[in-house]
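Protein sequence lines correspond, in order, to chains A and B.
Sequence positions in the first sequence follow this note's numbering and run 11 to 110.
Sequence positions in the second sequence follow this note's numbering and run 51 to 700.
Just so you know, even glycine gets a beta-carbon here, dropped at the ideal spot from N, CA and C.
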Amino acid sequence: MISATHYLTLAAILFAIGTVGVITRRNVITMFMCVELMLNAVNLTFITFSRFLDQIDGQIFVLFVMTVAAAEAAVGLALIVVLSRHTGTLDVDQANTMKW
Amino acid sequence: MVLEHFWILILFPLVGAAMNGILGRRFPHPVIAWLSCSTVALSFLVALLSFYNFIRLPEDQRILTHHLFTWIQSGNFISEFSFLLDPLSMVMILVVTGVGFLIHIYSLGYMAGQSGYYRYFAYLNLFIFMMSVLVLADNYLLMFVGWEGVGLCSYLLIGYSFEKRTAGDAAKKAFILNRIGDVGFLIGVFLIFRTFESVQYLTVFQAVSEQFAVMGTEFGVLGAITLLLFIGATGKSAQIPLYVWLPDAMEGPTPVSALIHAATMVTAGVYMIARSAPLYSRAPETLFIIAVVGISTALLAALIATVQRDIKKVLAYSTISQLGYMFLAMGVGAFGAGVFHLLTHAFFKALLFLGSGSVIMALHHEQDLFKMGGLRKYLPVTFYTMWMGALAIAGVPLFSGFFSKDAILWKTFAAGNEALWLMGVVVAGLTAFYVSRLMFLTFHGGERSEKHHQGAPDPSPKEPSWSVTLPLIILAGFSLLAGYIGLPSYLGNNRLEEFLAPSFRFQFSGQAASAMEHAHLTEVILTLVTLAVAFLGFALAYHFYIKNPQVAERLANRFPWLYSLLRRKFFLDEIYDWLIVGPVQRISRTILWKGMDVHVIDGLVHGTASLMQAWSHRVKRIQSGYARLYATWILGGALLILFYYYWISP
């Protein structure tokens, strides 16, 4: 029997992988995918609670998160295209002009 | 009908002031003049019609109020915007609009072709409006509005030719000295409200006549109120110690001196005290102070007036001196006599000022008496009318000043103040002296005008246009006749006193009528004494300035210290400079400016800025521009929050 703890542990592991990815990787696209991974880890948590508490709310949240994630993907990828055209690279550390 | 809506007379000058003030720059001069004069004429007409209907009312109904709206309401404090017409304000409003109208007419001639024509007439109209508010207000707060308003107009008109430094300084001096007095006035009004819970005249007077039915023996709250109000009056009406602004105010155009600084505004203090007679008559200590201040001012100013060279300065000191008489009247409780002198003084002093303006115009703005002389044949109208004014102020029998001045002196004597009476008689002598000196130097003797140098002589001085001479003639008529409304008791009825009686009905009447009240013989003898002294003054002036013009100079050389003491006005300006202005300037410069401003205030501002800068230099390193680093900060923050909620405050 797979309990709620298993699902939640999996979600936590996925979230941690995503976080570490965002912080350590320099490639913008990789960072972007890691953000998606974090979002889906959260989705998994929502679904788990929805299932085990027998409430529908969590699933609705997930639908929202997926919608936002889709929009974010569209805008984010567009930004990445512009960034790569502008700097000629996908290395996020090269885009460091946003400072004092 | 007119009587119900008497208050509309204040609106006309306001409209005139607004139109001239806002649009006057574009109007041609005749339009400005027409607008300005006609609005005041309308006011005067309404005042006259009101008076006509007013005297037809039975005596006990001669108190009319008109409520416009509630001006301020806060807790139990209510100040109404409403007006009161009673005999006292009736007399005042007639003087204000009547003399005001004549002086508007005079200004047409006097100000012709001057720059800022519209400005002048706008201010003058505004002044009439403010003065009407002051006079017609039915509570102390609204009176204060007018009180401040006329002060503002006085400031604006003294500084009319503001490009002249002296004019600007004189305007500021007048304004600041008046503010000092106004502080007293305002605190007095606060105290009135605290004591009587109202600022409405009639409510306050009713309350005071109930609460203070018997004369208190010690100096109480009433003493404080009356004294504070009197401090306001010393500022506005130029009494010791705040009188020094009035001589300087002569920088303003001559019609302004006549209207504001002789006939109306400076008498506001006298009016205020007469209006508050129910309060003052119950504060004997204050009354005594007023009497002493009044007669001292009268004496001091009359002494100074005897040696001034500037024709307008002589008249200015004369005004201060005559105001001193009015305060003396207030101080001995002769409120009616004081108002009577206020009335006659408004006529003859306005006349003297306007006459001097005519002389000044004819001589192309020469004001030095010793450069005039022999003008009699060039300016006949001015000559005759001004002599009427001079005889009136000198107290020559049959002229108005005789009746009013004598009423004051007699009341002073009858109230048992022989010393004050004696000083008053001396002042009467000095008055006769300085005013005859002024007339002799201006119109008689040889021509001392310096305008005749450089070969081609100037065209001889000419009488100005009708708009100047007409007001002179009318005012001369009033100077001659106005006295007959207040005959002394040995000659007949004092109609003015009877007319004013309803205004003073809340006055303290505990004192038994003085036994002297009907001592006709004493009154006549005292009058003769005064006349003799006045004649002595006249004879001295004749001797000094007509018969032996060198005598005056020789006397001045014989007693140089006395002469310079008088010439320099008892060094009062210098004493004030040394005592007040100097220290204030020094404290401002060293402590307030170089200490407080530079170090404390600037230090605070600059310190804040440099503190921010120093900190920013350190903190700005965090903002590196690396997106991954920012993500780490966010993570760190999120972890901290988690940590806090999980372990520290679950």
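Problem - Cα-Cα separation, TYR293 (chain B) to HIS116 (chain B) - result: Cα to Cα, the separation comes out at about 35 Å.
Practice task
Could you tell me whether any Cβ in chain A is nearer than 9 Å to the Cβ of ARG678 (chain B)?
Solution key: Yes, because at least one Cβ of chain A sits closer than 9 Å to the Cβ of ARG678 (chain B).
Problem - Beta-carbon proximity check, LEU277 (chain B) vs THR336 (chain B), cutoff 9 Å - result: Closer than 9 Å, so yes.
Exercise for the section: Spell out a yes or no on whether the segment 174 to 187 of chain B and the segment 133 to 142 of chain B are touching, meaning 3 or more CB-CB pairs, one atom from each, closer than 8 Å. Expected result: Pairwise C-beta distances place the segment 174 to 187 of chain B in contact with the segment 133 to 142 of chain B, as three or more of them are shorter than 8 Å.
Exercise for the section: Report the partner residues of THR115 (chain B) according to the DSSP bridge assignment. Expected result: DSSP lists B:LEU134 as partners of THR115 (chain B).
Practice task
Mind checking who GLN372 (chain B) pairs with in its DSSP beta bridge?
Solution key: Paired residue(s): none; GLN372 (chain B) is not in a bridge.
Handout entry: Which of helix, strand or coil DSSP assigns to ASN189 (chain B)
Key = If DSSP states are grouped into helix, strand and coil, ASN189 (chain B) belongs with the strands.
Handout entry: 9 Å Cβ cutoff, GLN673 (chain B) in contact with chain A
Key = It does: the Cβ of GLN673 (chain B) has a partner Cβ on chain A nearer than 9 Å.
Exercise for the section: Give a yes or no on whether the minimum CB-CB distance between ARG36 (chain A) and chain B is below 9 Å. Expected result: Yes, ARG36 (chain A) lies at the interface with chain B (some Cβ there is under 9 Å from its Cβ).
Exercise for the section: Compute the Euclidean distance between the alpha carbons of ALA312 (chain B) and ASP360 (chain B), then round it to the nearest angstrom. Expected result: Those two C-alpha atoms are separated by around 16 Å.
Practice task
Helix, strand or coil for ILE27 (chain A), going by three-state DSSP, please let me know.
Solution key: In this structure, ILE27 (chain A) counts as helix in the three-state DSSP scheme.
Exercise for the section: Would you mind reading off the limits of the alpha helix (DSSP H) that contains PHE420 (chain B)? Expected result: In the DSSP assignment, PHE420 (chain B) falls outside any alpha helix (DSSP H) and carries neither an H nor an E.
Problem - Contact the segment 275 to 289 of chain B vs the segment 372 to 388 of chain B: 3+ CB pairs below 8 Å - result: The segment 275 to 289 of chain B, when compared against the segment 372 to 388 of chain B, does touch it at the 8 Å Cβ threshold.
Exercise for the section: For THR432 (chain B), collect the residues of the same chain with a Cβ closer than 7 Å to its Cβ; drop the 5 residues on either side in sequence, then sort them by chain order. Expected result: A distance below 7 Å between beta-carbons, with the five flanking residues on each side excluded, links THR432 (chain B) to the following residues of its chain, in chain order: GLY405, SER408, VAL409, GLU513 and LEU522.
Handout entry: Burial state of PRO430 (chain B) (16 or more Cβ within 10 Å)
Key = The C-beta of PRO430 (chain B) has fewer than 16 other C-beta atoms within 10 Å across all chains shown, which makes the residue exposed.
Handout entry: Exposure of GLY344 (chain B), with buried meaning 16 or more beta-carbon neighbours within 10 Å
Key = Per the 10 Å Cβ criterion, buried.
Practice task
Mind checking the segment 212 to 232 of chain B against chain A and listing, in chain order, the residues whose C-beta falls within less than 9 Å of any C-beta there?
Solution key: The segment 212 to 232 of chain B vs chain A, Cβ under 9 Å: nothing.
Exercise for the section: Could you work out which residues of chain B lie near ALA21 (chain A), taking near to mean beta carbons separated by less than 7 Å? Expected result: The CB of ALA21 (chain A) never comes closer than 7 Å to any CB in chain B; the least such distance is about 15 Å.
Problem - Supposed contact pair GLY273 (chain B) and LEU324 (chain B) - C-beta distance, whole angstroms, cut 8 Å - result: According to the sequence as given, residue 324 (chain B) is Ala; it is not Leu. Not confirmed; about 18 Å, so no contact.
Handout entry: Straight-line gap, ALA396 (chain B) to VAL149 (chain B) (C-alpha atoms, nearest Å)
Key = Straight across, the Cα-Cα distance linking ALA396 (chain B) with VAL149 (chain B) is about 8 Å.
Practice task
Could you tell me if GLY632 (chain B) is buried or exposed, where buried requires 16 or more neighbouring beta carbons within 10 angstroms of its beta carbon?
Solution key: Exposed is the label assigned to GLY632 (chain B), since fewer than 16 other Cβ atoms lie within 10 Å of its Cβ.
Problem - Close beta carbons around VAL389 (chain B), own chain, < 6 Å, minus the five adjacent residues each side - result: A distance below 6 Å between beta-carbons, with the five flanking residues on each side excluded, links VAL389 (chain B) to the following residues of its chain, in chain order: ALA324.
Practice task
Assess, as a yes-or-no matter, whether the segment 162 to 169 of chain B is touched by the segment 222 to 229 of chain B under the definition of 3 or more beta carbon pairs within less than 8 Å.
Solution key: At 8 Å Cβ cutoff, the stretches do not touch.
Exercise for the section: Please report how far the alpha carbon of LEU642 (chain B) lies from the alpha carbon of ILE230 (chain B), in whole angstroms. Expected result: Their backbone Cα atoms lie some 21 Å apart in a straight line.
Practice task
Report yes or no: do the segment 550 to 559 of chain B and the segment 470 to 485 of chain B share at least 3 C-beta pairs separated by less than 8 Å?
Solution key: With a cut-off of 8 Å, the segment 470 to 485 of chain B and the segment 550 to 559 of chain B do not count as touching, because too few Cβ pairs lie within range.
Exercise for the section: Quick one: residues in its chain with C-beta nearer than 7 Å to the C-beta of LEU89 (chain A), no 5 flanking neighbours on either side, listed in chain order? Expected result: Contacts found: none.
Exercise for the section: With 9 Å as the threshold, decide whether the Cβ of ALA105 (chain A) is near any Cβ in chain B. Expected result: Output row for ALA105 (chain A): interface = yes.
Exercise for the section: Determine the burial state of SER368 (chain B): buried for a count of at least 16 other Cβ atoms within 10 Å of its Cβ, exposed for fewer. Expected result: Classification of SER368 (chain B): buried, given that the 10 Å Cβ count is 16 or more.
Problem - ALA442 (chain B) and PHE398 (chain B) closer than 9 Å at C-beta - result: For the pair ALA442 (chain B) and PHE398 (chain B), the CB atoms are nearer than the 9 Å cut-off.
Handout entry: Nearest-angstrom Cβ-Cβ length linking PHE453 (chain B) and GLY587 (chain B), presumed shorter than 8 Å
Key = At roughly 19 Å, the Cβ-Cβ gap does not stay under 8 Å, so PHE453 (chain B) and GLY587 (chain B) are not in contact.
Exercise for the section: Measure the Cβ-Cβ separation of GLY159 (chain B) and PHE235 (chain B) and say whether it is below 9 Å. Expected result: No, the pair does not count as a contact, with Cβ atoms beyond the cut-off.
Problem - Backbone secondary structure at HIS502 (chain B) - three-state DSSP - result: Unreliable placement is indicated for HIS502 (chain B), whose pLDDT of 48 sits below 50; no coordinate value is reported for it.
Problem - ARG332 (chain B) beta carbon near the ligand SAH (any heavy atom closer than 8 Å) - result: Among the ligands in the structure shown, none appear at all, so the ligand SAH cannot be discussed.
Practice task
Taking all protein chains shown into account, decide if GLN504 (chain B) is buried (16 or more other Cβ within 10 angstroms of its Cβ) or exposed.
Solution key: Bear in mind that a pLDDT of 44 at GLN504 (chain B), under 50, signals an unreliable position, so the number given afterwards is only what the model happens to contain. Exposed, by the Cβ-count rule.
Exercise for the section: Could you tell me whether any Cβ in chain A is nearer than 9 Å to the Cβ of ALA664 (chain B)? Expected result: No, because no Cβ of chain A sits closer than 9 Å to the Cβ of ALA664 (chain B).
Problem - Cutoff 9 Å: LEU685 (chain B) Cβ touching any chain A Cβ - result: Against chain A, the CB of LEU685 (chain B) has a partner CB under 9 Å away; the residue lies at that interface.
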